[in-house]
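Novice:
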Amino acid sequence: MNERIAQYRQRGSEYWNRFSKKQKTLLLSTIGIVLVAIILLTIQFSKTEYEVAFTNLDSTDAAGIINYLESGGTPYKLGADGKSISVPSKDTARVKVDVGSQGIVQNGSIGWDSFNESSSLIGMTDNEFNVKYKSALNGEIEQLLKKMQGISDAKVLINLPPENVFASINEQEKASASVVVTFKSGYRPSQDAIDGYFNLVKTSVPNLPIENISLSSSDDTVLLPSGQGGQTGSLTTAVQENMALQKKFESDVRQSVKQFLSKLMGPDKIEVLVASKLNFDQISQKDSLVTPVDTENMKGIEISAQKIQKSYTGQGTDSGVAGTGSTDVANYPADSPGTTSSSEESSSTINYEVNRITKDIVASPYVIKDLTINVAVEPPAGQESLDQTTETAIENILKNIVGSYLADSGTTYTDDDLQRKVSVFSQSFHNSEEQSTGLSLSNPWVWGVGAAALLAIAGIVFLLIRRKRADGAEEEEIPLPLTPEFPSINLDSVPSENQVRKQLETLAKKKPDEFVNLLRTWLADE
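Counting in UniProt numbering, the sequence shown runs from 1 upward without gaps.
Have a look at this one:
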């Protein structure tokens, strides 16, 4: 057995010595890479991936979920803040369903499920029932509010007055509610959302008018419904729509400019920044215009004409003395007998018809008052900046775009003004050179290692096949060795055992190989 092992070892050593130093280094390196890849893949696929199943938990809910998971033998990880719990990714959906069906997560609120819990065998008093009912009602409303968009936490306190059996519904004392909500970071509720909060609380409590509801946020901002002044602490719907419209306009301009310039400079070579100012004032105007039909003579169309002429002729018959009395005008001459007098009267009336134009003008709800476009361009390969011709061409394109958008702004812009509203600069983005240097076991990296391992294995197989073919060619050229002639000793001709022993010792010392072959021959014969 040991001799066979020695033979295998000798053959392996001979086969290894046939490789050159470079081939030995390549083979060892490939084997090392394959081993490292196998180890990393084994670690990657054998480790347990955890996924966050519950977030924003209070201490009570977190403790209940942990007890449930431990009782079921499900591994978990508690977040550093104590408000999140992660479970294995493959069990996330099942754990959520199981925990939800158990009603463990209450977000710190006690709902109607509290009445299903075991109570005293002798029941409960009216005071205990009222306290439990109010707590359950508060908890249910809190849970409903937390499901509303933008609300992360809520606290509700309902005040239910005692019921008077002798008073009518209108005479009953009204309920009241105090609500404090905590919004998610960056969320600003619209007036419609605030009205929804008020309506939810109002419809959840009997005999609760909206004016008896006090709603405020955690930052001490009082929220009011639309009927009571509304829009306090929130942006109006109109302002939100205007902001969305301005962002949409800037996005469209940015997209169109980037799409056009990308055809000239190449994809991923352009970055565009657009800033605009829109006027959202809606103007209603009524114009009543009167214009002549004949604009050259500034006359209208004659629709009617009237001409009247009168003449009168007569002779005076009065006579007398020039005024000398106390009541007469001194030296005023009196009529002379036989004086003839005449008079004429002429009048003309012409009616013209003119153009009467009435215009009711409602201006567009927004007008572009100002627009600036800034473009960053990555220079071509081998250049540090854009050439002047290309930069000037891009600036001219941007000026034409800005000028077309500002045509109806009511302001006339010169070329110098438009030049100040556009800018072009060259900058290398280096997107293709940014690579992560840290060790990561993400899926792309793992697949890359796997591909490298496959290539390494293919290289080893190719090298072995090539070496085997080379060895086969050498074996064909080398003649087969002759069968060795084994020495023989005729024991019958030797007179004594001592001489036989001496001959064997001499053969073993001088020719040990032949001595070994002789022994093998004797063993084979036996």
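Where is the CB? At the ideal position from N, CA and C, for every residue including glycine.
Could you tell me the alpha carbon to alpha carbon distance between E250 and V201, rounded to whole angstroms?
Specialist: Between E250 and V201, the C-alpha separation is close to 40 Å.
Novice: Who are the near neighbours of K510 in its chain, counting only those whose CB is closer than 6 Å to its CB and skipping five residues on each side?
Specialist: Answer for K510: no residue qualifies.
Novice: From the DSSP output, which residues share a beta bridge with P88?
Specialist: Note: P88 sits in a beta bridge opposite Y50.
Novice: What's the C-alpha gap between S152 and Q259?
Specialist: So the two alpha carbons sit approximately 40 Å from each other.
Novice: Could you tell me whether the segment 209-226 touches the segment 186-195, where touching means 3 or more Cβ pairs closer than 8 Å?
Specialist: Yes: at least three Cβ pairs fall under 8 Å.
Novice: Can you give the Cα-Cα distance for A244 and L406, rounded to whole angstroms?
Specialist: Cα to Cα, A244 sits roughly 20 Å from L406.
Novice: Identify whether E434 lies in helix, strand or coil by the three-state DSSP scheme.
Specialist: Because E434 sits at a pLDDT of 43, beneath the cut-off of 50, its placement in the model cannot be relied upon, and the point is left open.
Novice: Spatial neighbours of L398 within its chain, please: CB distance less than 6 Å, with the 5 preceding and 5 following residues excluded, ordered by chain position.
Specialist: Here the set comprises I373, V422.
Novice: Can you grab the Cα-Cα spacing for the pair A6 / F45, in whole Å?
Specialist: Their backbone Cα atoms lie some 41 Å apart in a straight line.
Novice: What number of angstroms, rounded off, separates the C-alpha of I361 from the C-alpha of Y197?
Specialist: Between I361 and Y197, the C-alpha separation is close to 40 Å.
Novice: Counting C-beta neighbours from all protein chains within 10 Å, is the total for I465 16 or more, i.e. buried, or is it exposed?
Specialist: Answer is exposed; the Cβ neighbour count stays below 16.
Novice: Could you have a look at R356 and say whether DSSP puts it in helix, strand or coil?
Specialist: R356: strand per DSSP, three-state reduction.
Novice: Would you tell me roughly how many angstroms separate the C-alpha atoms of K269 and L69, rounded to the nearest one?
Specialist: Those two C-alpha atoms are separated by around 52 Å.
Novice: Does any residue of chain C have a CB that is nearer than 9 Å to the CB of E70?
Specialist: Reference to chain C is not applicable here, since this structure consists of a single protein chain.
Novice: Taking the alpha-carbon positions, what's the E241 to S276 distance?
Specialist: Cα to Cα, the separation comes out at about 16 Å.
Novice: May I ask which residues mark the beginning and end of the alpha helix (DSSP H) holding L386?
Specialist: Element bounds for L386: n/a, residue is neither H nor E.
Novice: Whose C-alpha, out of G79, P88, A80, is nearest the C-alpha of G73?
Specialist: When only C-alpha atoms are compared, the closest one is P88.
Novice: Assign G139 to buried or exposed, taking buried as 16 or more other Cβ atoms, counted over all protein chains shown, within 10 Å of its Cβ.
Specialist: It counts as buried.
Novice: What separation, rounded to the nearest whole angstrom, lies between the Cα atoms of D389 and E395?
Specialist: A small fix is needed here, since residue 389 is Thr in this sequence, not Asp. Answer to the nearest angstrom: the Cα atoms are 10 Å apart.
Novice: Rank G100, T55, P75 by C-alpha distance to the C-alpha of K83 and give the top, closest one.
Specialist: Nearest C-alpha to K83: T55.
Novice: Just reading off the alpha helix (DSSP H) that Q149 is part of, what are its end residues?
Specialist: Run containing Q149: none; DSSP gives neither H nor E here.
Novice: Look at the alpha carbon of A248 and the alpha carbon of L157, and state the distance between them as a whole number of angstroms.
Specialist: In the sequence as presented, Ala is not what sits at residue 248; that position holds Lys. The straight-line gap from Cα to Cα measures roughly 42 Å.
Novice: With DSSP as the reference, please indicate the residues paired to Y312 in a beta bridge.
Specialist: Paired residue(s): S343.
Novice: I'd like to know if the segment 278-286 and the segment 300-316 are in contact, where contact means that at least 3 CB-CB pairs between them fall below 8 Å.
Specialist: As far as the Cβ criterion goes, the segment 278-286 does not touch the segment 300-316, which means the pair count is below three.
Novice: Looking only at its chain, what residues have a beta carbon closer than 6 Å to the beta carbon of I257, apart from the 5 residues adjacent to it on each side?
Specialist: According to the sequence displayed, residue 257 carries Val and not Ile. The residues are V272.
Novice: D125 to L57, Cα distance in whole Å?
Specialist: Strictly speaking, residue 125 in this sequence is Thr, with Asp absent from that position. C-alpha separation (whole angstroms): 33 Å.
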